[in-house]
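Asker: Structure in structure tokens, see below.
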Amino acid sequence: MKKELSILFESHADRLKEEWITEMRESGLLAKMSDTETEKRYTALYNAVVSTFSTGKFDDVERYAKEITEGVVLRDTSVERIIGGILKLRDIYERFIFSEYRDDEEMLYQLLASYEPVANNILTIVTMAFVEAREQVIREQQKAMMSLSTPVLQIRDEILVLPLIGTIDSERAEQILEELLKRIVELTASVVIIDLTGVPVIDSLVANHMIKTVQAAKMLGADTIITGISPVNAQTLAGLGVDLSMLITKNNLRAGLWHAEKMLGFKVIRETE
Amino acid sequence: MDIPILKIEDFLVVTIQSELSDDEIYALQEDILSRIKDVGATGLIIDITALDIVDSFMGRTLSNIAATAELLGAKSVVVGIRPAVAVTLVELGIRVKWNVNTALNLERGIKLLKRLIEAERRGGAS
Amino acid sequence: MNITSSADIIAARGKGRELAMKMGFSVVDQTKITTAISELTRNIVTYAGKGEVIIKKAESETGGKNGIVVVCRDEGPGIEDIQLVLKSGFSTSESLGLGLSGAKQLMDEFEIKSKPGKGTIVTIKKWLRRR
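Residue numbers (our numbering), protein chains in the order written: chain A, 1 to 273; chain B, 1 to 126; chain C, 1 to 131.
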């Protein structure tokens with residue numbers, strides 16, 4: 001039955017194309033698009049659809065979906081236009097089947113039974129490709145944000161500062177730890193200052209991650225100073241029974257830096273009075 | 001496998017170059033300790049840069065060597081722990097009993113040894 | 001793969017590392033998996049004398065997640081009080097006592113079945129993080 005459908009569509013290819021373009025224009029889905037571009041857009045969709053009916057396989061639709069989602073991601077076009085185009089094509093072809101087999105009820109029934117699931121499947125494949133592409137973009141952005149939020153700065157020979165901002169969960173804590181250790185090796189650091197001024201909530205989870213970080217850094221030969229734990233957070237931690245005595249903690253970044261410089265024998269002197 | 005133990009001034013330097021079986025680890029431990037005694041070393045550096053895994057057994061052995069070396073009059077420093085190994089050791093929970101001095105690399109290790117020895121000579125903390 | 005000596009521990013680690021690398025685990029996760037294998041196979045050698053380890057790809061029951069699964073089996077003396085052994089730091093030998101609790105910490109999933117006199121089966125899994 002599918003074979004017949006593909007022959008039917010191919011034999012009236014020009015007429016169906018005209019109808020599609022006209023309807024698309026009327027609904028504004030081809031706005032600002034040149035004739036060649038319109039032609040290209042239709043041909044890609046048409047080839048994918050007809051090949052599906054003639055081969056019974058969805059390979060070409062999947063390939064089409066992949067290409068078209070890349071276009072959307074690159075902002076060449078919008079999801080609305082693509083899905084709109086497929087819906088239009090589906091309706092036009094279905095009306096066409098109706099008009100051709102109006103008098104042969106049996107055949108009409110069989111053709112539609114064969115046509116509809118395939119048409120719906122094509123739409124599903126393309127829609128899912130969009131969803132997947134969007135999720136991919138979101139994942140990449142999350143990753144980029146994570147690395148942006150883990151800046152390891154070298155402020156003197158052998159001294160690194162890691163100013164943390166925002167909430168810290170286990171995944172981010174692990175990521176921070178790995179990034180920090182990598183930088184300690186790269187920059188042969190001896191002292192690391194982790195500043196928590198920008199971390200609103202320091203619970204036992206965050207504290208435990210800090211303790212792990214300090215221990216791992218120590219194994220690479222680097223001492224860690226923790227700064228910027230607010231009085232409120234310090235009270236919470238004490239209340240939770242978290243033992244911070246094994247950490248070097250300082251009030252603020254300035255005091256932390258001063259301590260780090262002292263540890264390494266730096267002496268910062270203002271030259272003029 | 002024979003692992004060379006180099007002597008630099010009063011320090012011994014051991015570079016572990018590949019994964020060791022338990023027997024090799026035990027043999028190495030004996031070797032190191034008898035060399036410390038023989039040459040009267042004041043410091044020991046164990047370089048494990050080449051190890052891509054340190055399990056609790058290896059961790060314990062390193063800490064045993066350090067403790068025994070201390071009794072023989074030598075300070076020890078383990079150098080070259082890789083980031084992934086450090087993360088794993090911490091996750092493993094080794095911290096509770098692990099009292100091993102560590103440094104980033106050989107150069108830093110020697111510096112740390114000298115500082116530790118100097119601090120002891122002065123009778124103060126490091 | 002059979003585990004009877006400390007040379008087998010090294011071989012099992014190598015196998016675990018190789019599979020973890022091939023599957024795309026990060027260097028840190030590769031190291032954690034390899035170390036967990038080392039802890040468990042050493043338990044076999046130390047307490048049971050002999051046993052076996054199976055290291056292979058795992059798929060989550062709901063699908064979608066890929067990972068690595070390690071099964072260590074022996075017919076050794078078994079464990080009397082599993083809860084006690086899993087408490088961090090506990091050990092009957094003089095080691096740091098991190099064998100089982102350590103392997104549990106390093107992995108995402110941990111399951112142990114043991115009966116005194118009947119042996120022990122430990123199954124551990126780690127999932128690939130989605131990128």
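Just so it is clear, CB atoms sit at the ideal spot from N, CA and C, and this is done for glycine as well. Keep in mind it's a predicted model, so treat the numbers as computed, not measured.
Could you name the residues that DSSP lists as bridge partners for C/T120?
Answerer: C/D74, C/S114, per the DSSP bridge assignment.
Asker: What residue does the beta strand (DSSP E) around C/I54 start on, and which one ends it?
Answerer: 51-59
Asker: Please name the residue, chosen from A/S6, A/P231, A/A238, that lies closest to A/V118 on a Cα-to-Cα basis.
Answerer: A/S6
Asker: Just checking my contact of A/I86 with A/L45 at CB under 8 angstroms: how many whole Å lie between their CB atoms?
Answerer: For A/I86 against A/L45, the beta-carbon gap comes to about 7 angstroms, under 8 angstroms, which counts as contact.
Asker: Specify whether the region 33-50 of chain C and the region 114-124 of chain C touch according to this definition: at least 3 beta carbon pairs, one from each stretch, less than 8 angstroms apart.
Answerer: yes
Asker: Compare the Cα-Cα distances from A/K267 to each of A/L180, A/R156, A/E10, A/L196 and report the closest residue.
Answerer: A/R156
Asker: Comparing C-alpha positions only, which one of B/R121, B/A103, B/G40 sits nearest to B/L12?
Answerer: B/G40
Asker: So, is A/I184 buried or exposed, given that buried needs 16 or more other C-beta atoms within 10 angstroms?
Answerer: Buried: at least 16 other Cβ atoms inside 10 Å.
Asker: With a threshold of 6 angstroms on Cβ separation, who are the neighbours of B/N64 within its own chain once the five nearest residues in sequence on each side are excluded?
Answerer: none
Asker: Could you tell me whether the region 168-179 of chain A touches the region 43-54 of chain B, using the rule of 3 or more Cβ pairs below 8 angstroms?
Answerer: The region 168-179 of chain A and the region 43-54 of chain B do not touch, with fewer than 3 CB-CB distances between them shorter than 8 angstroms.
Asker: Beta-carbon of B/T102 versus every beta-carbon of chain D: anything under 8 angstroms?
Answerer: Checking the listed chains, one finds no chain D in this structure; the protein chains it contains are A, B and C.
Asker: If you count every other CB in all the chains shown that lies within 10 Å of the CB of A/T69, and 16 or more means buried, which is it?
Answerer: Around the CB of A/T69, 16 or more other CB atoms lie within 10 Å, so the residue is classed as buried.
Asker: Taking the Cβ atom as the reference point for each residue, do C/L106 and C/T35 lie within a distance shorter than 8 angstroms?
Answerer: yes
Asker: Within its chain, find whatever has a CB closer than 8 angstroms to the CB of A/A189; leave out the 5 residues flanking it on each side and keep chain order.
Answerer: Q154, E158, I159, L160, R183, A222
Asker: Let me check one thing: in DSSP terms, what residues is B/I45 bridge-paired to?
Answerer: BP columns for B/I45 point to B/V13, B/V77.
Asker: Do A/I193 and A/A227 come within 8 angstroms of each other at the CB atom, strictly closer than that value?
Answerer: As written in the sequence, residue 227 of chain A is Thr, which differs from the Ala given in the question. In contact: A/T227 and A/I193 (Cβ atoms closer than 8 angstroms).
Asker: Mind checking which residues open and close the beta strand (DSSP E) that includes A/T227?
Answerer: 223-227
Asker: Between B/G109 and the rest of its own chain, which residues show a CB-CB distance below 7 angstroms, the 5 nearest in sequence each way excluded?
Answerer: In chain order, I45, V77, V79, A103 place their CB closer than 7 angstroms to the CB of B/G109, counting only its own chain and leaving out the 5 sequence neighbours on each side.
Asker: Looking at A/V191 and A/L264, is the spacing between their C-beta atoms short of 8 angstroms?
Answerer: Yes. Within cutoff.
Asker: Taking C/R42 as the query, report the chain B residues whose CB atoms sit under 9 angstroms from its CB, ordered along the chain.
Answerer: D22, D55, S56, F57
Asker: If you draw a straight line from the C-alpha of C/A11 to the C-alpha of C/T4, how long is it?
Answerer: 11 angstroms
Asker: Does the region 162-175 of chain A come within contact of the region 233-242 of chain A, defined as at least 3 CB pairs closer than 8 angstroms?
Answerer: Because the criterion of three Cβ pairs below 8 angstroms is not met, the region 162-175 of chain A and the region 233-242 of chain A do not touch.
Asker: Taking C/G102 as the query, report the chain B residues whose CB atoms sit under 7 angstroms from its CB, ordered along the chain.
Answerer: S56, L92, G93
Asker: For A/V131, count the other beta carbons within 10 Å of its own beta carbon; 16 or more makes it buried, fewer makes it exposed. Which is it?
Answerer: exposed
Asker: List the residues of chain C whose Cβ lies closer than 8 angstroms to the Cβ of B/A88, in chain order.
Answerer: The amino acid occupying residue 88 of chain B in the given sequence is Thr; Ala does not appear at that position. Residues of chain C passing the Cβ test: V28, T31, K32, T35, L106.
Asker: Classify A/G28: buried if its beta carbon has 16 or more other beta carbons within 10 angstroms, exposed otherwise.
Answerer: By the 10 Å Cβ count, A/G28 comes out exposed.
Asker: Between B/P83 and chain A, is there a C-beta pair that is closer than 8 angstroms?
Answerer: yes
Asker: Cβ of B/S126 less than 8 angstroms from any chain A Cβ?
Answerer: Bear in mind that the predicted position of B/S126 carries a pLDDT of just 44, short of 50, making it too unreliable to give a figure here.
Asker: Distance check for A/T43 and A/N121, CA to CA, integer angstroms please.
Answerer: 19 angstroms
Asker: Identify the contact partners of C/S6 in chain B, using a Cβ-Cβ distance below 8 angstroms as the criterion.
Answerer: S21, D22, D23
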